[in-house]
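Reminder that position 275 of the first sequence reads as 274 in numbering that gives the first Met the number 0, one-by-one numbering, no gaps. Glycine included, C-beta positions come from ideal geometry on N, C-alpha and C. Working notes for the structure below.
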Amino acid sequence: MQSVLNILEARISEVMGEVSGQALRQCSGQAGCPALVRPATDARFGDYQVNGVMPLAKQLKTNPRKLAEQIVAKLNSATADKLSDICESPEIAGPGFINLRLKPELIAANLLQISKDADRLGLEKAEKPKTVVVDFSGPNIAKQMHVGHLRSTIIGDCICRLLELQGHKVIRQNHIGDWGTQFGMLINYLVNVVYIDAAMKATGLSTKTEYDLSSLRDTEELYRKAQERNKTDKSFADVSRYWVVQLQNGDEQAKRYWEKIVSLSLSESKEIYERLGVLLTESDIRGESFYNPKLPGVVAELKKKGLAVESEGAVCVFPEGFKDKEGKPLPVIVQKSDGAYLYATTDLAAIRYRVGELKADKIIYVTDARQGLHFEMVFAVARMAGWVKPQTELVHVTFGSVLGEDGKPLKTRSGENVKLKELLDEAVERARKVVEEKNPGLSEDEKKKIANAVGIGAVKYADYTNNRTSDYIFSFDKMLAMEGNTAPYMQYAYARVRSIQRKGRDKGIEVDKEIAQSQSISLTEPSELDLAKHLIRYGEAVSSSAGDYRPNYLTAYLYDLAQKFSSFYNDCPVLDASSDKRPTRLLLCDLTAKTIEHGLHNLLGIEVIEQM
RNA sequence: GCGCCCGUAGCUCAGUUGGAUAGAGCAACGGAUUUCUAAUCCGUAGGUCACAGGUUCGAAUCCUGUCGGGCGUACCA
0 MQSVLNILEA RISEVMGEVS GQALRQCSGQ AGCPALVRPA TDARFGDYQV NGVMPLAKQL
60 KTNPRKLAEQ IVAKLNSATA DKLSDICESP EIAGPGFINL RLKPELIAAN LLQISKDADR
120 LGLEKAEKPK TVVVDFSGPN IAKQMHVGHL RSTIIGDCIC RLLELQGHKV IRQNHIGDWG
180 TQFGMLINYL VNVVYIDAAM KATGLSTKTE YDLSSLRDTE ELYRKAQERN KTDKSFADVS
240 RYWVVQLQNG DEQAKRYWEK IVSLSLSESK EIYERLGVLL TESDIRGESF YNPKLPGVVA
300 ELKKKGLAVE SEGAVCVFPE GFKDKEGKPL PVIVQKSDGA YLYATTDLAA IRYRVGELKA
360 DKIIYVTDAR QGLHFEMVFA VARMAGWVKP QTELVHVTFG SVLGEDGKPL KTRSGENVKL
420 KELLDEAVER ARKVVEEKNP GLSEDEKKKI ANAVGIGAVK YADYTNNRTS DYIFSFDKML
480 AMEGNTAPYM QYAYARVRSI QRKGRDKGIE VDKEIAQSQS ISLTEPSELD LAKHLIRYGE
540 AVSSSAGDYR PNYLTAYLYD LAQKFSSFYN DCPVLDASSD KRPTRLLLCD LTAKTIEHGL
600 HNLLGIEVIE QM
């Protein structure tokens, strides 16, 4: 089902092209006359407004109101009747707006159509599906996931879900940091402290064993202890360097320890992904170690193509238009003077793999805004090298930082990054307290389930609902508030609908049958009509959200929906409604629940709950 | 220095290639409740869209400058 907005845009644009066609080509040479149909800014103007007449009139150097009249006349003309199946007769207003009001029959027909399509709620699929690689999350192995990974992980996840819904082939790529010099000290620590100490204890040579592998609660602790030892013990640091070399050279023992560390860390990440409802699996992992063997080839080819040159001992590519502090050309360094490779090299190898092997039409990078320059330059080099086709899209989807209440990047009191696990634990704990207070009668199981859904949902929803490009201030109190655009408010709205349906069934009303059999729609109350109109616009919200990779467009829609439902709920009894009104109201309830569930659960990965 | 992003109500934030009288939530004030879950709804009040110019039928949005903040800027990722 095509969204009303798209149909209107297409039909009106066509007519505008016909009305202006030749004249337009003469004046500007531009093709196409977008109607710029937008939701009306004020309900008094109807449901949609056409904004495109005025810019067109400017191009044609004609009077916008006169032009609007011509367009409306053409839209209405008997031969080219473009609107009467959708809208009432269009009205011209202000300097040259065309206002459109939906016909009740269209609203009714769309509601019924959505109702019949339980899986997709009438959402259309892309005409030309693309293969889209989405690079997101990318935690550092050997350290726990912290708040710095939250946004990439969940925004990336949402983008994947949106694009998949639109019918694109989405390939998730988790570019984990599982390679590098830090593994030397970690391996060294495992070998020399964990295993040797344990062995000495086992053989009675030592009674003082501080750690064995099982005592390591997590990779964070391993990292911290190894780092501490590396700093204070010079000979330990020397041995760490030895392990780096061993690992690079493919030494079996080094590899075994490395694998141990990676798998320990991955199991921690997996746990976080599951709690967050993020659909990343092990098969999506293509980390630095995966690209490591390909790096010499990347550099060699850049050299062969004459793009990479030696500068100050390092191998560099100088894409055009980038300058350093002194205004001199800024390089992308692909190999350090000591021979080591860098992030840029890995990213270039990844682009080759994604275009060459994965056949990507588009690659989306979900990382914070600070990496903007890095990607700009890497993209430039990849294009210079001919590793991406001109039509291949490389998109950097950026986001701002998560700040504490003081407006500075969120840290613990001791200045460390806040662990994602602890953040989620606290959110769930706080949600639990609220459940306990509001609904003490529920069973332990239900309380746990609700606290989990609300707590995790609140963290995610708060992030999604902020414009991704700006920083936002993290506040448990605000995200867990029952009022306002929050997860609990949305979940509550859903739970209320479900409650109506439960009550109805208890009363012996055959809710599903009544909905399935409802052929005519009766929208009499303003809040009913308002809700109905909003329900048929879900597709618009999804496509604008996906088009700009902005989850907040979707949350804004969902919040509007929940508010409109609440008004309807207040004004219109459902179960006690007269028999001519009840089927429609049951249908509105059902579609509200399905839409909230689809948005929250299918697209944002946030759990809905039947009661709270 | 240069580049990128940002500055909107007391607070937290929306604002869709420039569109009609700039919107929400919180906080404040006033109303609605023998409830289909009030974890709700309705209303009132609150603004020099940082500042100054410019572009045009029309600017929070585009351009120039100023002030304030964040980030980046040769071997981290």
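By the Cβ neighbour-count rule, R160 is buried, with 16 or more other Cβ atoms within 10 Å of its own. Minimum Cα-Cα distance from V331 among the listed residues D337, E319, E325 corresponds to E319. Under the DSSP definition of a beta bridge, R171 partners with V133. Here the C-alpha atom of K506 lies approximately 18 Å from the C-alpha atom of A515. Our two residues, A430 and V453, have alpha carbons roughly 6 Å apart in a direct line. Y47 is not a Cβ neighbour of A56, given a cutoff of 9 Å.
Burial check for M184: the Cβ neighbour count within 10 Å reaches 16 or more, so the residue is buried.
Per DSSP, N551 is one residue of the alpha helix (DSSP H) stretching across 550-570. About 6 Å separates the beta carbons of I154 and R467, which is inside the 8 Å limit, making them a contact pair. Distance from the CA of L393 to the CA of T554, rounded to the nearest whole angstrom, comes to 26 Å. In this chain, the alpha helix (DSSP H) harbouring P63 covers 63-75. Taking C-beta separations shorter than 6 Å and ignoring five residues to either side along the sequence, the partners of F96 in its chain run Q48, following chain order.
For R581, the enclosing alpha helix (DSSP H) stretches over residues 581-596. For K224, the uninterrupted alpha helix (DSSP H) segment begins and ends at 218-231. In this chain, the alpha helix (DSSP H) harbouring N109 covers 103-115. Under the three-state reduction of DSSP output, L402 falls in the strand class. With fewer than 16 other Cβ atoms from the protein chains shown falling within 10 Å of its own Cβ, T231 counts as exposed. Here Y256 is not near R228, since their CB atoms are 9 Å or more apart. Annotation: H167 to T130 spans about 6 Å, alpha carbon to alpha carbon. The straight-line gap separating the alpha-carbon atoms of R10 and Y558 is approximately 30 Å.
Under DSSP, L189 takes part in no beta bridge, so it has no partner. C86 carries a strand assignment under DSSP once its states are collapsed to helix, strand and coil.
Assignment of beta-bridge partners to S310 by DSSP yields A313.
Beyond the five residues adjoining it in sequence on each side, Y491 comes within less than 7 Å, by CB distance, of M481, M611 in the same chain, given in chain order. Between A384 and L306, the C-beta spacing is below 9 Å. Counting C-beta pairs closer than 8 Å gives fewer than three between the region 277-287 and the region 323-338, which falls short of the contact rule.
Taking a contact to require three or more Cβ pairs closer than 8 Å, the region 573-588 and the region 519-539 qualify as touching. At a Cβ-Cβ threshold of 9 Å, Y548 and I158 count as neighbours. One alpha carbon belongs to S151, the other to N601, and they sit about 18 Å apart.
Under the three-state reduction of DSSP output, I535 falls in the coil class, being neither helix nor strand. Judged by beta-carbon spacing, D589 lies within the 9 Å limit of V496, meaning their Cβ atoms are closer than that value.
When DSSP states are grouped into helix, strand and coil, G51 belongs to the coil group. Of the candidates Y568, Q172, I363, Y493, the residue whose Cα lies closest to the Cα of E527 is Y568. Collapsing the DSSP output to three states places R240 in a helix.
One thing to note: A531 has its Cβ no nearer than 9 Å to the Cβ of L441.
The beta carbons of P89 and V71 sit about 5 Å from each other, so the pair counts as a contact at 8 Å.
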